[in-house]
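Visitor: My questions will all concern the structure given below.
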Amino acid sequence: MCPKTARAFTLVTLLDFTCVCSWPMRTVAVLGGGIGGLAASYYLCKSPQVTKVILLEASSRFGGWLWSTRRSDGAVFEHGPRGIRPAGAVGSNTLNMLWFCTLYCSACIDANRWLLCAVIILFGLDSAFSGCLTFLCDCIPQYYEGHFQRVESMRGFIRNNNLALSLTGSCYDGVSVNDVIFSGRTAVEELLGTVV
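Letter by letter, the sequence shown follows residues 17 to 212 of the numbering used here.
What follows is the structure, encoded as structure tokens:
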């Protein structure tokens, strides 16, 4: 498999296989610094079984397809083809992650109220709004020449190596950021059991 295809999904790899023998695991490497890799690293760091987490990313930045821009006035804007949905257990998991919550508040509050406050602050609104119209310009195209072959190559690698789908990141079938974060947590739980 070419290096670009290998980078297209997140894979949690054990460097110390002592976990299989019920001994404490020491070092875990997470391949890929996209949202799934960052989430897996977050949950691995919370585990008492892991003493060291190594996050490997081939590109010059972390975050995968989600890109943040911080303006000079401190406002943070998220870019990319994926969205954050606050509904359900997957959305709740996203909102409860420390690195996500600390962007705007020191303690997480009711998810709907918290999101409304964040939107009001980000867009400089005076009060609640009744609707939203968004124009997307210069977006990263999801499909390009050769995209199908790359996806098929990834699926073949996953199938041939009997990998769990929870070990794949956002490039697999176009899921939202919440789903990728949740898949990072699921991958860690499959290795270590329930995480805090």
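Backbone N, C-alpha and C define an ideal beta-carbon position, used for all residues, glycine too.
Starting from the C-beta of Val66, find all residues in its chain whose C-beta is less than 8 Å away, skip the five residues before and the five after it, and write them out in chain order.
Guide: Taking C-beta separations shorter than 8 Å and ignoring five residues to either side along the sequence, the partners of Val66 in its chain run Met41, Arg42, Thr43, Val44, Leu60, Leu208, following chain order.
Visitor: If you compare alpha carbons, which of Gly50, Asn176, Glu205, Leu179 is closest to Ser84?
Guide: Gly50
Visitor: Suppose you measure from the CA of Lys62 to the CA of Leu71; what does that come to, to the nearest Å?
Guide: 15 Å
Visitor: According to DSSP, is Val246 helix, strand or coil?
Guide: The chain is shown from 17 up to 212; residue 246 falls before or after that span and cannot be answered.
Visitor: In the DSSP assignment, the beta strand (DSSP E) including Leu72 goes from what residue to what residue?
Guide: 68 to 72
Visitor: My output table needs one value for Gly185: the three-state DSSP class, helix, strand or coil.
Guide: Model confidence at Gly185 stands at a pLDDT of 48, short of 50, so the residue's coordinates are unreliable; what they give is reported in the following sentence. Coil.
Visitor: Do Ala55 and Arg201 come within 8 Å of each other at the CB atom, strictly closer than that value?
Guide: yes
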